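Numbering (this note's numbering), first residue to last: 322 to 1014.
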């Protein structure tokens, strides 16, 4: 598998240059605002865009004078009569590691139907199981860290509820996209701002706000495997009020033929119990009280009903009900007479209800996790001097978990129980950025946590960036991290898998680091290269049917992001990630961690003109080591085969307000193994109409 890394590393420049006719046309304006660098691009393919709420950037090599104050210039059209002023989020994200952003236009072009769909084309991510037939256990990794070792946010508020993936943690396939404005990805020193558990990164989902004249938009699409998806959105602004409301409904039966030996293959040879139905409601209302103060309320509600097709054998017939509610209220204010001090105060409520139930032969079982979380946050960004910016604040989080386990199996009746557990966490955080010179900056971060379960612990971080020349910059970061076991791993019996909890589990502790270089090869070619690594001790796993601390895992890898622009109307990108996550202790010492492919490559080319769109996306996956070995002849060293996948999306304008959309997925028609004997359906299609009124 390591040969994949060597071959693809050598081939990367050639792969990108091989698309000369599929060039990208973008206007990249590099701006220097308070000696921090921003990049604005109109590339419509995995582009990184700077919006009022962020200081996000990618590939920052040099800067030019700023011409627009982005804090007072929101991105809207046909709204010259609007006097509303967008008061920005604190924009002091550390500069020593870039922020990747994918916006709603690119999300739509890709045909993404879930957060997993969005993340799979972002640098550093390896998501094995996504799309038709995907299980809730998506096998999601960022730089070798699992989904529970990263932090997921909605508008800066946590949506991870300290529950384990197998009980239904952050199910990326159950987060539809209609309400999403953009998705931001942070790492390095930025992790100090949002949580100690970010061995991987921080994913922040920014939801839509209303701007301009009121507008109604709607879409409906249908496709293979009984897929149907309807979306409707209404948003706009009036005087000092902005609003946005949306609804989305999605369904697919996911019933298709799978080969002998596939997980959850029924007697007729079809994938069984894989249907998915979700409904999502979203609303936001913002009120600008004056030029210095604004209030914003947003609400997201999710209802999901699906079957489970867990990796193992025999036939899985359990069902999963997932209901979620996330409510947030934030107050943003500019302190003093200038714009050097911004304060954001927010409170949030998050509830996740997971219920698994189903027959197991002659018996019945059910397991329910009801998690309710109250959060509060004070976040202050302060420009202390012209060369020194400080972002600091306080996080409060109270988590209540009710776990109910019931089985009629005589061998499991003793495990039937109801657990009521609570956890309170307080954290102080600070990240200070010093611009030592025009070309050199240092980020220093601290996060001090006070946890009712695991006591007090401090996680420091440091980062730096140095512009060697106007076209080359080097950077590096190091961060300490601690991820505490979930309340379910500590106290709740897993009735689906038969795994016992362990109240004596220790936190996972360790550190992450990165070193990189950003290069402007030419006016048309920009590249970013990052070496990353982590060391995680006391990693959690299951031994003999019980949660345990299984030992040490060291990860090293390479992340490459390239963008090319040549001709008008064309866009292209290429992302490649190599990940070597090696187990250092125990019976599997020296093996790659299960479910993490060594190599993942994503590239795409697209053309857009006068409402017409065509986009081709290519995925290469080297195959991951299986984690379940249930078939005769299986060995612990077995990898799923590598695969290549091609997707095509397009839009045809019917009228100025109506468009026909087409998504053709898996053009090669190969029914490859995505992960652990779960197979793709082969070629599928979706056709729809979208309209604006």
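Think of the CB as a built atom: it goes at the ideal place given N, C-alpha and C, for glycine as much as any other residue. Here the structure is a predicted model, which is why all the values come from computation and not from measurement.
Excluding five sequence neighbours on each side, which residues of the same chain lie with their C-beta closer than 8 angstroms to the C-beta of residue i?
| i | result |
| --- | --- |
| residue 448 | 437, 440, 441, 459, 460, 461, 462 and 493 |
| residue 948 | 632, 915, 916 and 997 |
| residue 991 | 964, 965, 966, 1001 and 1003 |
Rounding to the nearest angstrom, what Cα-Cα distance links residue i and residue j in this structure?
| i | j | result |
| --- | --- | --- |
| residue 540 | residue 1008 | 11 angstroms |
| residue 815 | residue 859 | 21 angstroms |
| residue 432 | residue 970 | 7 angstroms |
| residue 566 | residue 552 | 11 angstroms |
| residue 620 | residue 646 | 7 angstroms |
| residue 467 | residue 747 | 24 angstroms |
| residue 617 | residue 651 | 5 angstroms |
| residue 834 | residue 855 | 6 angstroms |
| residue 1012 | residue 930 | 18 angstroms |
| residue 420 | residue 560 | 33 angstroms |
| residue 505 | residue 529 | 14 angstroms |
| residue 403 | residue 769 | Low confidence applies here, because residue 403 scores a pLDDT of 25, under 50, leaving its location unreliable; read the following figure in that light. Rounded to whole angstroms, residue 403 to residue 769 spans 43 angstroms at the Cα level. |
| residue 683 | residue 579 | 27 angstroms |
| residue 1014 | residue 556 | 11 angstroms |
| residue 424 | residue 435 | 14 angstroms |
| residue 885 | residue 839 | 14 angstroms |
| residue 515 | residue 751 | 10 angstroms |
| residue 657 | residue 610 | 16 angstroms |
| residue 369 | residue 659 | At residue 369, the pLDDT of 33 sits below 50, so the modelled position is not reliable and the matter cannot be decided from this model. |
| residue 760 | residue 766 | 20 angstroms |
| residue 731 | residue 818 | 16 angstroms |
| residue 681 | residue 641 | 15 angstroms |
| residue 581 | residue 994 | 12 angstroms |
Which residues bound the alpha helix (DSSP H) around residue i?
| i | result |
| --- | --- |
| residue 438 | 436 to 440 |
| residue 425 | 425 to 431 |
| residue 656 | Premise fails: residue 656 is in no alpha helix (DSSP H) and is neither H nor E. |
| residue 306 | Lying before the first or after the last residue shown, residue 306 is absent from the chain, which here runs from 322 to 1014. |
On the criterion of 16 or more Cβ atoms from any shown chain inside 10 Å, does residue i qualify as buried, or is it exposed?
| i | result |
| --- | --- |
| residue 738 | exposed |
| residue 590 | exposed |
| residue 479 | buried |
| residue 957 | exposed |
| residue 804 | buried |
| residue 908 | exposed |
| residue 952 | exposed |
| residue 809 | buried |
| residue 709 | exposed |
| residue 706 | exposed |
| residue 989 | exposed |
Using a Cβ-Cβ cut-off of 6 angstroms (strictly less than) and excluding sequence neighbours within five positions of residue i, which residues of its own chain qualify?
| i | result |
| --- | --- |
| residue 598 | 572 and 626 |
| residue 796 | 417, 786 and 837 |
| residue 542 | 550, 1007 and 1009 |
| residue 928 | 890, 891 and 935 |
| residue 477 | none |
| residue 728 | 686 and 816 |
| residue 674 | 644 and 691 |
| residue 544 | 1006 and 1007 |
| residue 602 | 568 and 622 |
| residue 669 | 478, 649 and 696 |
From what residue to what residue does the beta strand (DSSP E) around residue i run?
| i | result |
| --- | --- |
| residue 725 | 709 to 728 |
| residue 529 | Segment: none, residue 529 is in no beta strand (DSSP E) and carries neither H nor E. |
| residue 317 | Missing from the structure shown is residue 317; the chain here goes from 322 to 1014 and no further. |
| residue 802 | 793 to 804 |
| residue 607 | 597 to 609 |
Please work out which residues of its chain come closer than 7 angstroms, Cβ to Cβ, to residue i, disregarding the five sequence neighbours upstream and downstream, and give them in chain order.
| i | result |
| --- | --- |
| residue 820 | 863, 866, 867 and 868 |
| residue 973 | 933, 980 and 981 |
| residue 745 | 719 and 773 |
| residue 942 | 918, 921, 963 and 964 |
| residue 789 | 795 |
| residue 546 | 453, 573, 574, 575, 576, 577, 1002 and 1005 |
| residue 726 | 688, 736, 737, 738, 813, 814 and 816 |
| residue 608 | 561, 562, 615 and 616 |
| residue 519 | 471, 472, 512 and 802 |
| residue 636 | 585, 587 and 593 |
Are any of the Cβ atoms in chain C nearer than 9 angstroms to that of residue i?
| i | result |
| --- | --- |
| residue 959 | Here there is only one protein chain, and chain C is not present. |
Next item on the list: Flag this pair as touching only if the segment 781 to 799 and the segment 508 to 522 have three or more C-beta atom pairs under 8 angstroms; answer yes or no.
Entry: Yes, the segment 781 to 799 touches the segment 508 to 522.
Check: Is the segment 843 to 854 touching the segment 878 to 893, taking contact as three or more C-beta pairs under 8 angstroms?
Finding: These segments touch.
Notebook entry, point to check: Counting pairs of Cβ atoms below 8 angstroms between the segment 951 to 968 and the segment 994 to 1002, do you hit three or more?
Noted result: Yes, they touch.
Margin query: Check whether the segment 716 to 725 and the segment 739 to 750 are in contact - that is, three or more C-beta pairs closer than 8 angstroms.
Written below: Between the segment 716 to 725 and the segment 739 to 750, the count of C-beta pairs closer than 8 angstroms reaches three or more; the two stretches touch.
Notebook entry, point to check: Looking at C-beta atoms only, is the number of pairs between the segment 670 to 688 and the segment 703 to 713 that lie closer than 8 angstroms three or more?
Noted result: Counting Cβ pairs under 8 angstroms, fewer than three are found: no touch.
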